[in-house]
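To start, the structure under review is shown below, and the notes come after it.
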Amino acid sequence: GKADPRIQELQEEMAALRNHFQLQLVQEMKKTAQAEEQLRQRSQQEERRVAELEAQVAQVSELLGTYEKAKQRDQGTSQRLKERIVQLDLENKTLAIAASSRSPGELAVEEATLDVSVLKEKMEKLQKLLRAAAGK
Numbered sequence: 001g002k003a004d005p006r007i008q009e010l011q012e013e014m015a016a017l018r019n020h021f022q023l024q025l026v027q028e029m030k031k032t033a034q035a036e037e038q039l040r041q042r043s044q045q046e047e048r049r050v051a052e053l054e055a056q057v058a059q060v061s062e063l064l065g066t067y068e069k070a071k072q073r074d075q076g077t078s079q080r081l082k083e084r085i086v087q088l089d090l091e092n093k094t095l096a097i098a099a100s101s102r103s104p105g106e107l108a109v110e111e112a113t114l115d116v117s118v119l120k121e122k123m124e125k126l127q128k129l130l131r132a133a134a135g136k
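Numbering (UniProt numbering), first residue to last: 1 to 136.
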């Protein structure tokens, strides 16, 4: 007996459907593979970006550390200079007081009446005072 044309029609329809679904499945698998590859690439880019940012943060931290050290060093230098100024100011005042507290007679004597040896003696005294002040 000859096969029923309807059965053959159904078989052809089933084969067409099978091919159609097979094709769709292959396309979906390709899409999924593409999406996974894109995700992998994006994830790698993100990791690189994070690594770059971490490197930049480390660099900035190092710069800040260097800056802080320099700042502290400058503050120390500044403090020492201020202390030295105070010390010199004090020495200056001490010398001024010492100079003004000499006997008025000593200061009042006119230079014209002093002979060379007395002037020389006075100069040596002043030089000693200056050396003593500078030596401190």
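Think of the CB as a built atom: it goes at the ideal place given N, C-alpha and C, for glycine as much as any other residue.
With a cut-off of 8 Å, do at least 3 Cβ pairs link the segment 116-136 to the segment 82-97? yes
So for R102, helix, strand or coil by DSSP? coil
Span separating the alpha-carbon of L10 from that of Q27: Those two C-alpha atoms are separated by around 26 Å.
Can you tell me where the alpha helix (DSSP H) holding K2 begins and where it ends? That residue, K2, is in no alpha helix (DSSP H); it is neither H nor E in DSSP.
Just how far apart, CA to CA, sit T32 and R49? 25 Å
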